[in-house]
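The structure under discussion appears below in the form of structure tokens.
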Amino acid sequence: MVRAPKRELPAGLYFVATPIGSARDITLRALDILASADVLAAEDTRTLRRLMEIHGIAPGGRPMIAYHDHNGPAVRPRLLQMVKQGKSVAYASEAGTPAIADPGFALARDAIAAGLPVSTAPGPSATIAALTIAGLPTDRFLFAGFPPPARSARQKMLAELAPVPATLVFYESPKRIHQTVNHLAQTLGEERQAALCRELTKLHEEVLRGTLGELARQIADRSLRGEIVLVVDRGRGTASDEDMRKMLIEVLKTQSVKDAAAEVADRLGLPRRKVYQAALDMERGK
Ligand code: SAM
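See the structure below:
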């Protein structure tokens, strides 16, 4: 064990990243903080206890406080009060980096507003892990989190994201992944490159790569278990005429030729003039 000796932590709120699968992905500094903090707070205290046990860290008599979406407003002031009183408070979410599709944002915001010291022990996050091995550009990316389950809200979100010139990162549950990949193929075009990253760092880690259309076909007959990140390339103007026509049919149901052409051109990264001409031809029944 190469852990540094236990040191006293200065007062403050410490956001500690924890593994997204393999327990050994914890950082040495995260272990130091978990070993030294006066107070431990966690989205799920049982998960944090188990992780500490694996790494030989005893909670001792230290308070271990649950902090999650349901009790945040009630527990936040208590945690901040402890920091004000000079305590070091370590916070870990269920897995990965706190505040990334996990509780933690409001805690950081309020601590900063109160002028309290806020620090982090950075480490695993499913977003970064997926981007690292997706094989898609990482120069600019947009973390989109979980797409909303309701169809209209999801449609709105995907329409906003379609023209964004950045790699898109989605979290999705195995129950909805088929629907989401199909929906992405319809909305962003079947030709966009994507990577479906499942169970990263775990025994059944798997990455499927291909166009959205290919991915939809690859997974159609499979039930996918576990945790999934979907990484989708930006639009590159490579959508087929068939993609363009399919999307125009949908968008023309609710918009004028001009607006529909502009929207489809943006979403697929195609020249506006080309899409406008196609939309006119469709309207004239050519
Ligand atoms: N805070 C976490 C982070 O930093 O990535 C994310 C928490 S969010 C509630 C959980 C989602 O993250 C899962 O539904 C899945 O989309 C993704 N995820 C977490 N662990 C994963 C893994 N090992 N492989 C693939 N995706 C994972």
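In terms of our numbering, the sequence shown opens at residue 25 and continues consecutively.
Glycine included, every Cβ here is placed at the ideal spot set by N, Cα and C.
For residue i, the residue or residues it bridges with in DSSP
i      : result
ALA285 : None, per the DSSP bridge assignment.
PHE167 : VAL193
GLN179 : According to DSSP, GLN179 bridges with nothing at all.
THR235 : GLN217
PHE39  : TYR115 and THR144
ALA66  : ALA90 and ALA116
ILE252 : GLU196 and ARG222
GLU230 : ARG222
Integer-rounded CB distance, given that residue j should sit under 8 Å from residue i
i      : j      : result
VAL253 : ALA154 : 4 Å
GLY120 : ALA150 : 6 Å
VAL99  : VAL107 : Incorrect: roughly 13 Å between the Cβ atoms, too far for contact.
VAL142 : LEU37  : 5 Å
GLU118 : THR69  : No, GLU118 and THR69 are not in contact; Cβ-Cβ is about 11 Å, not under 8 Å.
ALA54  : ALA90  : No, ALA54 and ALA90 are not in contact; Cβ-Cβ is about 19 Å, not under 8 Å.
THR15  : GLU215 : Residue 15 is absent from the model: the chain starts at 25 and stops at 310.
ALA104 : LEU140 : Strictly speaking, residue 104 in this sequence is Leu, with Ala absent from that position. So it is a contact: roughly 6 Å between Cβ atoms.
ILE81  : ALA59  : 5 Å
Residues near residue i in its chain [Cβ-Cβ closer than 6 Å; skip 5 each side]
i      : result
ASP62  : LYS111 and SER112
LEU166 : VAL188, ALA190 and LEU192
CYS221 : ALA154, VAL231 and VAL253
Separation of residue j from residue i, as counted between CA atoms
i      : j      : result
ARG164 : ASP283 : 28 Å
ALA138 : ASN95  : 20 Å
PRO189 : THR51  : 33 Å
VAL231 : GLU223 : 9 Å
LEU212 : ASP126 : 27 Å
LEU304 : ARG200 : 36 Å
GLY309 : GLU196 : 39 Å
GLN109 : HIS92  : 22 Å
PRO83  : GLU229 : 31 Å
PRO87  : VAL40  : 16 Å
LEU239 : LEU227 : 22 Å
ARG260 : TYR300 : 18 Å
PHE194 : ALA130 : 22 Å
GLY128 : ALA174 : 25 Å
GLY237 : ALA116 : 38 Å
ALA132 : THR144 : 10 Å
PRO295 : GLN217 : 20 Å
Residue nearest to residue i in terms of C-alpha spacing, selected from the options
i      : options                           : result
LEU160 : TYR115, THR235, ILE57 and ILE273  : THR235
LYS298 : GLN279, SER264, MET181 and ALA82  : SER264
ALA183 : GLU77, THR204, ARG291 and ARG53   : ARG291
ARG258 : ASP245, VAL281, ALA209 and ALA244 : ALA209
ASP267 : ALA302, ASP245, GLN279 and VAL281 : ALA302
ALA168 : PRO146, ILE136, ILE124 and HIS202 : ILE124
Own chain, CB closer than 8 Å to residue i, minus 5 neighbours either side, in chain order
i      : result
THR225 : PRO43, ILE44, GLY45, SER46, ASP49, PRO148 and ALA153
MET17  : In the structure displayed, the chain extends from 25 to 310; residue 17 sits before or after that span and is not available.
Nonlocal neighbours in the same chain, by C-beta distance under 7 Å from residue i, ignoring five residues either side
i      : result
ARG249 : PRO198
GLN242 : LEU232 and GLY234
PRO101 : none
ARG178 : PRO171, PRO172 and HIS207
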